[in-house]
Amino acid sequence: MRNTRAKALPYPVLTPLSDDVIPNTFSLDCAQGDITCDTSRWSIRGKISHQSTDLNRLVDAGRAAYGIHVECPRTFFRAWFPHSTTDVHLELPASAVWSTVELSAFCIASKEIRSYCIEGQHQDYRSASFSIGVGDILAFAPTVEFDAFLDIDPVKKISSILDIRKSDLRKSGPVTIDFNSERIQLELSHDDYNSYIELRADPTLRGLLASNVIFPAILQSLNYLLRLGDDELEEAKAQQRWCRSLWAKLEKAGITHASTPEQIFLCAQEILKEPVRRGLGDILCQLNGGAA
Amino acid sequence: MNQSGTDGDQGGGKAQPRPVAIDLRSFQEDSQEGTYQLVARSPDGHDGAILVDAVTEEGHPISCPLAAAWDEAGKPLTVEGNRITGIPLQAGQPARLKIQLKQAARVALRASTL
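Protein chains in written order, with the numbering used here: chain A, 33 to 324; chain B, 3 to 116.
This is the structure:
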């Protein structure tokens with residue numbers, strides 16, 4: 033259940049998705065770093081924010097409670113985590129969720145409320161009061177989502193997301209790229225691959241290889257990711273390790289589908305720690321007889 | 003007033019009416035009687051029938067036949083199934099109605115013109 037639009041419930045509901053109640057603040061705030069994982073569990077911390085003294089009063093009196101509904105569509109995981117305060121902390125078994133996880137914050141009635149009305153309810157309701165049953169939603173926040181992948185690595189080693197292999201068929205010709213595997217598949221012709229292996233053996237040429245071989249592949253991979261539609265992207269992240277890793281890098285850099293090619297170009301360089309500078313440095317070093 | 007639709011359509015097909023957006027706020031008045039108060043608004047105005055549906059949490063419609071409907075002054079309106087006729091909606095102005103469901107139930111409601 034994703035909260036993305038107002039629900040026409042037969043009583044006023046506090047949510048930023050409608051003007052049933054004003055001020056209509058009710059949100060689940062999770063800052064960067066509030067959602068963490070180790071090998072066995074996800075830990076989620078956050079805060080429910082609202083401005084309703086009536087809700088506070090009901091919760092304090094035990095007549096209403098906050099809670100987080102967690103749902104993972106891919107694994108069919110669903111759970112309800114009640115909270116008695118606006119401070120949210122919950123843990124999920126790592127094995128229970130995979131890919132998109134939806135967090136929906138609610139305030140629900142925990143006892144019957146016979147004459148419910150809430151300060152700030154829309155004037156359409158005039159002075160009406162409402163009969164609220166146990167479990168009825170009094171307030172809800174737009175759903176917050178996060179990607180639950182335990183193996184997102186920050187591309188510390190580019191080999192974790194990219195394979196460079198030799199073509200079995202082509203003696204020469206261009207490098208080809210294939211995005212449909214766990215790692216990006218970069219295929220060099222027979223001759224190029226032999227050159228690559230020879231250069232790779234020399235640690236002073238790593239920057240050169242990064243700028244010449246890896247950089248164009250990573251740049252093209254970022255462009256590939258950013259061209260995917262929402263569903264395609266979800267599928268790619270679920271299926272392919274390289275997508276998860278690079279997407280995490282894009283998110284960290286604030287790159288979105290709306291970002292400019294210039295921003296993507298800079299991001300690719302950041303991922304590879306300035307490959308052009310390193311490559312030029314390697315060439316200069318070689319020209320100077322090994323001195324940097 | 004926006005029912006004729008398809009201005010500028012070329013071709014020989016019969017013009018199809020355009021749906022008019024109806025914003026609806028509803029709340030239960032009497033759970034035993036199955037009565038609800040509705041406050042309907044249309045940004046563009048509408049003079050014709052409106053359909054009232056119950057909806058699930060995901061927004062899917064559920065059959066919701068009406069027993070009766072009244073305007074704000076208590077005057078009965080013509081009801082057929084889930085269709086109420088003769089409700090003029092002035093653009094942006096709220097129109098208050100009362101409806102009674104054939105079968106009393108606690109439901110979420112929405113309104114449409116098609």
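Here a beta-carbon is modelled for each residue, glycine too, at the ideal position from N, C-alpha and C.
Values in this document were obtained by computation on a predicted structure and should not be read as measured data.
- Boundaries of the alpha helix (DSSP H) harbouring residue 318 of chain A: 307 to 319, taken from the DSSP string.
- Between residue 198 of chain A and residue 220 of chain A a beta carbon distance of about 6 angstroms is seen, short of the 8 angstroms cut, so the two are scored as contacting.
- In the same chain as residue 85 of chain B, and ignoring 5 residues on each side of it, the C-beta atoms closer than 6 angstroms to its own belong to 51, 53, in chain order.
- About 6 angstroms separates the beta carbon of residue 253 of chain A from that of residue 278 of chain A, a gap short enough to meet the 8 angstroms contact definition.
- Out of B/27, B/62, B/81, B/96, the CA that lies nearest to the CA of residue 45 of chain B is found in B/96.
- Taken atom to atom, the span from the alpha-carbon of residue 307 of chain A to that of residue 256 of chain A is near 20 angstroms.
- Comparing C-alpha distances from residue 109 of chain B to each of B/90, B/93, B/68 shows the shortest one belongs to B/68.
- A distance of 8 angstroms or more separates the beta carbons of residue 314 of chain A and residue 218 of chain A.
- Taking all protein chains shown into account, residue 52 of chain A has 16 or more neighbouring C-beta atoms within 10 Å of its C-beta and is therefore buried.
- Residue 100 of chain B is positioned such that its CB atom lies closer than 8 angstroms to that of residue 39 of chain B.
- At a C-beta separation below 7 angstroms, residue 42 of chain B has no neighbours in chain A, since its nearest C-beta there lies roughly 10 angstroms away.
- In this structure, residue 137 of chain A sits away from residue 196 of chain A, with a CB-CB distance that is not shorter than 8 angstroms.
- Shown in chain order are the members of the stretch 35 to 58 of chain A whose Cβ falls below 8 angstroms from a Cβ of chain B: 37, 39, 40, 41, 42, 43, 44, 52.
- Residue 178 of chain A sits in a strand when the DSSP states are folded into three classes.
- Residue 80 of chain A has its alpha-carbon roughly 6 angstroms from the corresponding atom of residue 61 of chain A.
- In this structure residue 204 of chain A is exposed. Its beta-carbon is surrounded by fewer than 16 other beta-carbon atoms within 10 angstroms.
- With a cutoff of 8 angstroms on beta-carbon distance, residue 157 of chain A and residue 29 of chain B are scored as near each other.
- For residue 193 of chain A and residue 206 of chain A, the gap between their C-alpha atoms comes out near 21 angstroms.
- For chain B, the residues of the stretch 136 to 154 of chain A that bring a beta carbon within less than 8 angstroms of one of its beta carbons are 154, in chain order.
- When DSSP states are grouped into helix, strand and coil, residue 81 of chain A belongs to the strand group.
- At a cut-off of 8 angstroms between C-beta atoms, residue 116 of chain B does not count as an interface residue with respect to chain A.
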